[in-house]
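Structure first, then comments.
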Amino acid sequence: MESVIEEIYRTQSRRVLATLIRLLGDFDRAEEALHDAFAAAARTWPVDGVPANPAGWLVSTGRFKAIDAIRRRARFDAAQQHIEDSLYSVDETETGDMEAIEDDMLRLIFTCCHPAIPADAQTAMALREICGLTTEEIAHAFLIPAPTVAQRIVRAKNRIRAANIPYEVPGREALPERLDRVLHVIYLVFNEGYSASSGDAVVRADLTGEAIRLARLLLALLPHPDVCGLMALMLLQDSRRSARSSEEEALVLLADQDRSLWDRAKISEGLAFLAKAMRTEEIGTYTVQAAIAAEHAKAPTAEETDWRRIAFFYDLLLAAQPSPVVELNRAVAISMAEGPAKGLDLIDAILGRRELQAYHLAHSARADFLRRLGRREEAIASYQTALSLCRQEPEQAFLRKRISALAAASERQ
1 MESVIEEIYR TQSRRVLATL IRLLGDFDRA EEALHDAFAA AARTWPVDGV PANPAGWLVS
61 TGRFKAIDAI RRRARFDAAQ QHIEDSLYSV DETETGDMEA IEDDMLRLIF TCCHPAIPAD
121 AQTAMALREI CGLTTEEIAH AFLIPAPTVA QRIVRAKNRI RAANIPYEVP GREALPERLD
181 RVLHVIYLVF NEGYSASSGD AVVRADLTGE AIRLARLLLA LLPHPDVCGL MALMLLQDSR
241 RSARSSEEEA LVLLADQDRS LWDRAKISEG LAFLAKAMRT EEIGTYTVQA AIAAEHAKAP
301 TAEETDWRRI AFFYDLLLAA QPSPVVELNR AVAISMAEGP AKGLDLIDAI LGRRELQAYH
361 LAHSARADFL RRLGRREEAI ASYQTALSLC RQEPEQAFLR KRISALAAAS ERQ
């Protein structure tokens, strides 16, 4: 039963939290109610069994736990009484309505992305509340101190409370001005699922699936080319999910993947969304990234991948969205088209500017260039640097395997 509850927490807790925020009107109160609800589940489900609608049960239980807590406080603080009264007014059907619970995730994203909240705080809030990442994990992902992340989240919650920001999807006229931030957050959710920042799994299908579902909801509200571009990107990336890890949850690189495991239905749908997004005068960055993913999806084998075309798309992306991470990906594409020496020069230039020093994939890519050039000792050193920075277990295992193979090859000589 413990493993069942853990799985429900992993896959459904963020939806439950989103609904509790709507019902309770406060982030901190909702988080406390969420933990109380799961504590109650740990006590009662082993005896009574898992309810038919676990999310609805958790929402209802969390809400009543919150009411009980507020009632206790109201005995000492009369100001709490109006809060208790407002919570009783909720229609009971709202706590178990799965459609309403699912829509609450989109409400949560729009609340986190309200213009009154600074952009950096929006990102931290979204990763904390929607993905469930800890402040330490968010700090590691953005290479900033954990206390800075915590302060941003606290300030964002205070801003929402002080400005009385509504917990809702705005009217159609207000959607375009908030679209970029909302798409960014949905993509962050997808990325955390596509390549989990920590833990023992390569992919978190609950997050990739949730991001795609949210994008579909957004597309119904606002059929914008950028939403189509993001849909294309996520579907094409997610189509490779089954091939990205072995049965033992070991990481499988793109070049080594069994392409028969790729989801052809998702590839077909992704390519259709890409074609739709490309039929506009102004091509967005998600569409360019989707075009890169499409080159991989269309290649029958790894050897037939058109790396020069991929490098061209990275040139476009870098011009539109200058970033050392985009530069890194461009360097990898160029190394595949022109050889590892060219890629090594490009990545050394990035690291020479003191950028991406704490990004394990930069050192891993550099190590691979050195490995392909036969410079084993330098490759081992770069792999070890990458290993020291990596927090995902399958990636750590992959890096250790590469280090061992290179060390063994050196000993044989």
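Under UniProt numbering, the first residue of the sequence shown is numbered 1, with each subsequent residue one higher. Virtual Cβ for every residue (Gly too), placed ideally from N, Cα, C.
Within 10 angstroms of its Cβ, does residue i collect 16 or more other Cβ (buried), or is it exposed?
{"i": "Asp-226", "result": "buried"}
{"i": "Ala-341", "result": "exposed"}
{"i": "Pro-394", "result": "buried"}
{"i": "Glu-7", "result": "exposed"}
{"i": "Leu-253", "result": "exposed"}
{"i": "Glu-137", "result": "buried"}
{"i": "Asp-368", "result": "buried"}
{"i": "Thr-95", "result": "Unreliable placement is indicated for Thr-95, whose pLDDT of 45 sits below 50; no coordinate value is reported for it."}
{"i": "Gly-374", "result": "exposed"}
{"i": "Leu-143", "result": "exposed"}
{"i": "Met-231", "result": "buried"}
{"i": "Asp-345", "result": "exposed"}
{"i": "Phe-265", "result": "The displayed chain sequence assigns Ala, not Phe, to residue 265. With fewer than 16 other Cβ atoms within 10 Å, it is exposed."}
{"i": "Val-47", "result": "exposed"}
{"i": "Val-149", "result": "buried"}
{"i": "Thr-385", "result": "buried"}
{"i": "Val-4", "result": "exposed"}
{"i": "Lys-65", "result": "buried"}
{"i": "Glu-412", "result": "Looking at the sequence shown, residue 412 is not Glu but Arg. Counting Cβ neighbours within 10 Å, Arg-412 comes out exposed, since fewer than 16 surround it."}
{"i": "Thr-208", "result": "buried"}
{"i": "Thr-305", "result": "buried"}
With DSSP as the reference, label residue i as helix, strand or coil.
{"i": "residue 414", "result": "As shown, the chain starts at 1 and ends at 413. That puts residue 414 outside it, with no answer to give."}
{"i": "Leu-222", "result": "coil"}
{"i": "Ala-197", "result": "For the record, residue 197 in the displayed sequence is Ser; it is not Ala. DSSP places Ser-197 in coil when its eight states are reduced to three."}
{"i": "Ser-239", "result": "coil"}
{"i": "Glu-94", "result": "Because Glu-94 carries a pLDDT of 46, less than 50, the predicted location of this residue cannot be relied on, and no value is offered for it."}
{"i": "Ser-246", "result": "coil"}
{"i": "Leu-251", "result": "strand"}
{"i": "Asn-53", "result": "coil"}
{"i": "Gln-81", "result": "Note on Gln-81: pLDDT 49, under 50, position unreliable in the model; no value is reported."}
{"i": "His-114", "result": "coil"}
{"i": "Ile-267", "result": "helix"}
{"i": "residue 432", "result": "The chain is shown only over 1 to 413; residue 432 falls outside these bounds and no answer can be derived."}
{"i": "Ala-358", "result": "coil"}
{"i": "Ser-404", "result": "helix"}
{"i": "Arg-376", "result": "helix"}
{"i": "Gly-132", "result": "coil"}
{"i": "Thr-280", "result": "coil"}
{"i": "Ile-67", "result": "helix"}
{"i": "Arg-73", "result": "helix"}
{"i": "Tyr-167", "result": "coil"}
{"i": "Gln-122", "result": "helix"}
{"i": "Arg-412", "result": "helix"}
{"i": "Arg-259", "result": "helix"}
{"i": "Leu-344", "result": "helix"}
{"i": "Leu-127", "result": "helix"}
Assuming residue i is part of the alpha helix (DSSP H), what are its boundary residues?
{"i": "Asp-28", "result": "27–48"}
{"i": "Trp-307", "result": "307–320"}
{"i": "Asn-158", "result": "146–162"}
{"i": "residue 414", "result": "Residue coverage of the chain in this structure runs from 1 to 413, which leaves residue 414 outside it and unanswerable."}
{"i": "Pro-324", "result": "324–338"}
{"i": "His-294", "result": "Reading off the sequence shown, one finds Ala at residue 294, where the question assumed His. Per DSSP, Ala-294 belongs to the alpha helix (DSSP H) from 285–298."}
{"i": "Leu-17", "result": "2–24"}
Rounded to the nearest angstrom, how far is the Cβ of residue i from that of residue j, given a contact under 8 Å?
{"i": "Leu-179", "j": "His-224", "result": "6 Å"}
{"i": "Val-16", "j": "Gly-62", "result": "7 Å"}
{"i": "Leu-389", "j": "Ala-358", "result": "6 Å"}
{"i": "Gln-151", "j": "Leu-233", "result": "Wrong, their Cβ atoms sit about 32 Å apart, outside the cutoff."}
{"i": "Leu-175", "j": "Leu-221", "result": "6 Å"}
{"i": "Ser-245", "j": "Arg-391", "result": "Not confirmed; about 17 Å, so no contact."}
{"i": "Leu-236", "j": "Ala-293", "result": "4 Å"}
{"i": "Val-59", "j": "Leu-20", "result": "6 Å"}
{"i": "Arg-22", "j": "Tyr-167", "result": "5 Å"}
{"i": "Ala-55", "j": "Gln-12", "result": "5 Å"}
{"i": "Arg-330", "j": "Asp-315", "result": "7 Å"}
{"i": "Ala-277", "j": "Thr-287", "result": "4 Å"}
{"i": "Pro-322", "j": "Ile-350", "result": "In fact, because the Cβ distance is near 12 Å, the residues do not count as touching under 8 Å."}
{"i": "Phe-110", "j": "Val-182", "result": "6 Å"}
For residue i, would you say it is in contact with chain D, using Cβ-to-Cβ distances shorter than 8 Å as the test?
{"i": "Leu-399", "result": "Absent from the structure is chain D; it holds one protein chain and no more."}
**Request:** Check whether the region 303–320 touches the region 259–277, taking contact to mean three or more Cβ pairs, one atom from each stretch, closer than 8 Å.
**Result:** As far as the Cβ criterion goes, the region 303–320 does not touch the region 259–277, which means the pair count is below three.
**Request:** Could you tell me whether the region 116–129 touches the region 42–57, where touching means 3 or more Cβ pairs closer than 8 Å?
**Result:** No: fewer than three Cβ pairs fall under 8 Å.
**Request:** Evaluate the contact criterion for the region 154–168 versus the region 198–205: three or more CB pairs, one atom per stretch, below 8 Å.
**Result:** Contact between the region 154–168 and the region 198–205 is absent, because fewer than three Cβ pairs lie under 8 Å.
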